[in-house]
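All remarks here apply to the structure that follows.
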Amino acid sequence: MRTKNVPASSPDPDSPARTFAVAGHLISAPKAAPGLYLVATPIGNLGDITLRALETLAGVDIVACEDTRITRRLIERFSITATLKQYHEHNAEQARPKILEALARGSSIALVSDAGTPLISDPGFKLVREVSAAGFPVIALPGPSSVLAALSVAALPTDRFFFEGFLPSKQNARRTRIAELARIDATLVMFESGARVQDCLHDLASVMGERDAAICREMTKLHEEVRRAPVSELAAIADTLETRGEFVLVIAPPAADAGLMSENALDDLLRTALARGSVKDAVAHAVEVSGRPRREIYARALELSKDGDDG
115 MRTKNVPASS PDPDSPARTF AVAGHLISAP KAAPGLYLVA TPIGNLGDIT LRALETLAGV
175 DIVACEDTRI TRRLIERFSI TATLKQYHEH NAEQARPKIL EALARGSSIA LVSDAGTPLI
235 SDPGFKLVRE VSAAGFPVIA LPGPSSVLAA LSVAALPTDR FFFEGFLPSK QNARRTRIAE
295 LARIDATLVM FESGARVQDC LHDLASVMGE RDAAICREMT KLHEEVRRAP VSELAAIADT
355 LETRGEFVLV IAPPAADAGL MSENALDDLL RTALARGSVK DAVAHAVEVS GRPRREIYAR
415 ALELSKDGDD G
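Quick note on numbering: the sequence shown equals residues 115 to 425 in our numbering.
See below:
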């Protein structure tokens with residue numbers, strides 16, 4: 115890469131067209147080889163971008179992004195001239211064939227999400243699958259990830275973790291899923307919105323109340339905040355939380371002697387399952403996730419089913 119000491123806001127008109135600027139230095143980037151580049155971008159602090167990511171964004175023919183307004187702020191910050199094309203969950207079916215056609219013509223394309231590593235709770239899986247199936251190169255450029263950032267500061271075990279993404283928005287479905295997650299012998303990492311984080315904490319506390327946890331808000335941003343406490347304590351202060359921003363919740367794995375689901379959690383699980391189907395199906399599901407004996411679960415399912423019929 116060639117470096118010139120010129121202001122980032124005033125690129126040298128004689129410099130190569132493919133350039134980016136860092137700390138007032140304009141750097142030329144080689145044209146990227148044909149292929150699809152999965153480029154991780156900052157989750158908040160733009161200083162977290164890697165030099166390789168900048169070089170690639172400057173060197174590709176097309177940058178496929180979720181929101182051109184957000185990506186434009188990034189590339190303008192580093193004085194990159196790029197052709198931006200939208201690729202998001204609403205236009206993916208129409209956009210994928212066009213990307214494959216461009217790759218067939220020898221183009222180089224970078225895929226970015228609004229923040230973090232592409233494909234992690236963001237669109238891109240089907241594109242990568244089709245691009246690789248068609249025989250085109252797929253190149254990963256690692257970088258920022260809110261999942262790993264939160265996991266690293268939560269002060270919880272990191273040898274095994276399970277990433278859930280977003281829990282269901284409806285309470286019954288959310289409680290059922292939490293009961294299933296409670297059986298996983300690993301640290302849990304999940305996303306939540308500010309609008310639902312308080313309700314989510316209360317539901318988590320009903321099943322995982324004594325487990326240590328961390329609430330990570332606005333990671334790498336100006337108002338970054340990390341709170342560490344048992345889930346029950348975090349739920350108790352949920353109504354006082356600042357709910358603006360983006361949240362990552364990290365929850366410790368179950369204790370060695372915590373093999374059985376609590377009775378309250380079992381009842382919640384059965385009620386939700388009974389509302390969707392038969393006693394047989396509800397029992398089969400509960401046996402799988404609760405760790406309790408089938409006979410006990412069957413008896414409780416009959417009681418709850420009868421109570422529902424009486425009501």
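All C-beta atoms, glycine included, are put in the ideal place defined by N, C-alpha and C.
This structure is a prediction, so every number in the text was calculated from the model and none was measured.
- Its Cα nearest to that of L302, the residue V261 stands out among V261, A154 and A352.
- Proximity to V345 across L270, R183 and L384 peaks at L270, based on C-alpha coordinates.
- With contacts defined by Cβ atoms closer than 8 Å, A172 and R132 form a contacting pair.
- In the structure shown, the three-state DSSP call for A349 is helix.
- DSSP places R310 outside both helix and strand once states are collapsed to three, so it counts as coil.
- For V153, the enclosing beta strand (DSSP E) stretches over residues G149 to V153.
- Under the DSSP assignment, F276 falls in the beta strand (DSSP E) whose first and last residues are F275 to F280.
- Every alpha helix (DSSP H) stretch that sits fully inside the region 295–344 and reaches 4 residues is listed by chain position as 311–322.
- Secondary structure note for S142: its beta strand (DSSP E) is the uninterrupted segment H139 to S142.
- Between I194 and A147, the alpha-carbon positions lie close to 18 Å from each other.
- Look at K145 here: in three-state DSSP terms it is coil, with no helix or strand label.
- In the three-state reduction of the DSSP assignment, K199 falls in the strand class, which pools E and B.
- Under the three-pair Cβ rule at 8 Å, the region 343–362 counts as touching the region 310–327.
- By the 16-neighbour rule on beta-carbons within 10 angstroms, H399 is buried.
- Counting along the chain, A254 sits inside the beta strand (DSSP E) bounded by residues V252 to L255.
- Residue T164 holds the alpha-carbon nearest to the alpha-carbon of L255 among A396, K212, T164 and L383.
- Here DSSP, grouped into helix, strand and coil, assigns E360 to strand.
- Here the region 305–323 does not lie against the region 401–408, with fewer than 3 beta-carbon pairs under 8 Å apart.
- Around the beta carbon of L416, a 10 Å sphere encloses fewer than 16 other beta carbons of the protein chains shown; the residue is thus reported as exposed.
- Per DSSP, the continuous alpha helix (DSSP H) segment holding V245 begins and ends at F239 to A247.
- The region 351–365 makes no contact with the region 382–401: fewer than 3 CB pairs, one atom from each, lie closer than 8 Å.
- Taking each of V242, P258 and S259 in turn and checking the Cα distance to V252, the smallest one comes out for V242.
- In this structure, DSSP gives T354 a helical state, which the three-state scheme calls helix.
- One Cα belongs to D181, the other to I157, and the distance between them is close to 14 Å.
- Of all alpha-carbon atoms in G149, P232, P368 and K284, the one lying nearest the alpha-carbon of T185 is that of P232.
- In this model, E338 and S227 are separated by some 21 Å (Cα to Cα).
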